[in-house]
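Residue numbers (my numbering): 1 to 473. Ideal Cβ placement from N, Cα and C applies to all residues, glycine included. Here is the structure we will look at, set down as structure tokens.
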Amino acid sequence: MIVEALRHEALGLRRSPVRLAALAVFLIASALALLAGARFVGAWTTSLEDAQRLQSESIDQARGWLAAGVKGPEDRPWVDIAEPLWQDWYAGARIGRAPAPLAAIAIGSTDDSPRILRVNRMADPFLEEGATIENPELGRTEAVDLVFVLAVFAPLLIGVVGLGCGAYERETGLDRLIAVQRGRASAWYLARAAAITILCGGVVLAVVLAAVIGAGGVAAGGLGLIVVALLYVALWGGLFAATAGAARTRREAALAYGGVWVLLVVLVPTLMSERSLSAAAANAGLTVALDQRAAQYAGYDEDVGALTEALYAARPALRDLPGAALDDLPPEMTRHVYDWRRAQRLVAENEAKTAEERAAVRAAERTMAWSPTVVMILATERLAGRDLASAAAFRAAAVDAIAARTDWIVRQAWRNEALGLDAFNALTASAPKAVETPPGGVAPHLLALSVWTLIAWGIGAVRVRRQEVGAAG
1 MIVEALRHEA
11 LGLRRSPVRL
21 AALAVFLIAS
31 ALALLAGARF
41 VGAWTTSLED
51 AQRLQSESID
61 QARGWLAAGV
71 KGPEDRPWVD
81 IAEPLWQDWY
91 AGARIGRAPA
101 PLAAIAIGST
111 DDSPRILRVN
121 RMADPFLEEG
131 ATIENPELGR
141 TEAVDLVFVL
151 AVFAPLLIGV
161 VGLGCGAYER
171 ETGLDRLIAV
181 QRGRASAWYL
191 ARAAAITILC
201 GGVVLAVVLA
211 AVIGAGGVAA
221 GGLGLIVVAL
231 LYVALWGGLF
241 AATAGAARTR
251 REAALAYGGV
261 WVLLVVLVPT
271 LMSERSLSAA
281 AANAGLTVAL
291 DQRAAQYAGY
301 DEDVGALTEA
311 LYAARPALRD
321 LPGAALDDLP
331 PEMTRHVYDW
341 RRAQRLVAEN
351 EAKTAEERAA
361 VRAAERTMAW
371 SPTVVMILAT
381 ERLAGRDLAS
391 AAAFRAAAVD
401 AIAARTDWIV
411 RQAWRNEALG
421 LDAFNALTAS
431 APKAVETPPG
441 GVAPHLLALS
451 VWTLIAWGIG
461 AVRVRRQEVG
471 AAG
């Protein structure tokens, strides 16, 4: 019966201008989303290449000064490339976040964190200063990404392609004739709903395969994306059977299916998003910048003697270096005590921020029981490496790099000797590498979608059967 239903729906699709138009709109939107994603990832990759070029130019410039025996540029007489803080600055180190293979599908993600950070003693990954300069792709705003197309348009495609399935027959009285010919009209309607789902699933599969193959992400989340997309289509096929497929009239079918779409695709995700935004509003934008500045300036008011003892307690090897034998630390050393304190503050702040984000992720995952669209979006963003966890992993790597660089500066300052080309080469060789963002696991999301799908088809089968029994009575 499924094969016959497939032939019936394929023939109906070819003969219906409305259904063909819906299919064309879906494919065009998907193509535009794929092109937008390619542009976004291209800008991201270009910014990484530009950062590497700027780093190399700064290194070559500093090596030239060291080879010529000069302190620095003539127009900046305060620069002394033999000092650790200037070697740190002119090393021009950047830490980058490489895009995941499937990053192009989720360019509209809430993850708007920088993908490049210049690492030095004054760097701060929690501030937005200079983010657009180092990350020009952050200024790009794209209207649609593939996640949006799948989440919003795929259910609508099912609704339009299945227009009138069951409702038309009941409205015109053809359901009785179908019951006479087939024995059970409900089995035919469910077979048609399954055929509609298979046809729309084939279209979605073609789009997703194009995205996966184009990104080379078959082995990096591609299979997971395919499974998530097909489960999402199967789910909406079940919801179609439970609403439009069991409706008595075409108007009732449109209202029932459209109402479910508005509830699960628009209202619930919007309410969940508003709740998350209101919880995070106190930590956004200007407030964060002001708090960071206040903490930084407050750090300079701390007693340098107490901070120095804390430094020795944390880094006891410094006591064996020449700088520790000085009765009073000179200003060029005490400023690095404050630098070290600042780096430790960043480490502690990152730990607190990571804990907050983990709690936010757990809260978001709890909403999966209320909307399959939320489930699909969370799963695809995780597969695309565009979720909170991926951003947190990059920020943690950046904080570690800043702390390591600050430790290097402190050790070199406590050696109390001029640095040469060998020290600079060793510093540049230890520059942080690009951070990879592998796709995260989506097993809970697949389970949630599977449960939603089984429930939807179960309700659909019961409602279609009841409609048939009611008509017979």
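Across the structure, G201 and W457 are spaced so that their CA atoms are roughly 16 angstroms apart.
Annotated three-state conformation of R118 is strand, per DSSP. Between I105 and L146, the gap from beta carbon to beta carbon is short of 9 angstroms. Sequence-distant Cβ neighbours of E171 in its own chain, meaning closer than 8 angstroms and more than five residues away, are R248, T249, R250. Less than 9 angstroms separates the beta-carbon of A123 from that of I402. In this structure, the straight-line span from the alpha carbon of A393 to that of E357 is close to 11 angstroms. Counted as a single uninterrupted DSSP element, the beta strand (DSSP E) harbouring G96 occupies residues 94 to 96. The stretch 43 to 58 and the stretch 230 to 243 do not touch, with fewer than three beta-carbon pairs separated by less than 8 angstroms.
DSSP, reduced to helix, strand and coil, places V435 within a strand of the structure shown. Shown here for R118: same chain residues with a beta carbon closer than 6 angstroms to its own, the five before and five after excluded, namely R94 in chain order. Secondary structure at I402: helix, using DSSP grouped into helix, strand and coil. When R466, L449, D422, G440 are compared, the shortest CA-CA separation from A91 is found for D422. F26 sits in a helix when the DSSP states are folded into three classes. Along the stretch 351 to 410, the beta strand (DSSP E) does not occur as any fully enclosed run of 3 or more residues. Between the stretch 24 to 38 and the stretch 59 to 68 there are fewer than three C-beta pairs closer than 8 angstroms, too few to call the two in contact. By the Cβ neighbour-count rule, D88 is buried, with 16 or more other Cβ atoms within 10 Å of its own. Rounded to the nearest angstrom, the gap between the Cα atoms of E74 and L329 is 29 angstroms. Taking a C-beta distance under 9 angstroms as the contact criterion, A229 and H336 do not qualify as a contact pair. In the DSSP assignment, R7 falls within the unbroken alpha helix (DSSP H) covering 2 to 15. If you check the CB distance, P114 and P101 do not come in under 9 angstroms. Annotation: A242 to R19 spans about 21 angstroms, alpha carbon to alpha carbon.
Taking each of L383, L239, T428, L267 in turn and checking the Cα distance to L446, the smallest one comes out for L383.
Spatial neighbours of V152 in its own chain (CB-CB distance under 7 angstroms, excluding positions within 5 residues in sequence) are listed in chain order as V265.
V435 sits away from W370, with the two beta carbons spaced by 9 angstroms or more.
By the Cβ neighbour-count rule, M1 is exposed, with fewer than 16 other Cβ atoms within 10 Å of its own. Going by C-alpha positions, A355 is about 11 angstroms away from R362. For D407, the closest of L11, Y257, R386, L85 by C-alpha to C-alpha distance is L85. Here the C-alpha atom of G37 lies approximately 28 angstroms from the C-alpha atom of L263. Inter-residue distance for A359 and F148 is about 25 angstroms (C-alpha atoms, whole angstroms).
Inclusion of L157 and V208 in the CB contact set at 9 angstroms is not warranted, their separation being larger than that value. Between the alpha carbons of L48 and E57 lies a gap of roughly 14 angstroms.
Rounded to whole angstroms, the gap between the alpha carbons of D339 and A103 is 35 angstroms.
Taking R192 as the centre and dropping the five residues before and after it, the same chain places the C-beta of A5, H8, E9, G162, C165, G166, G245 closer than 8 angstroms to its C-beta, in chain order. In this structure, DSSP gives R248 a state outside helix and strand, which the three-state scheme calls coil. With a beta-carbon spacing of about 7 angstroms, T380 and L225 fall inside the 8 angstroms limit used to define contacts. Look at D327 here: in three-state DSSP terms it is coil, with no helix or strand label.
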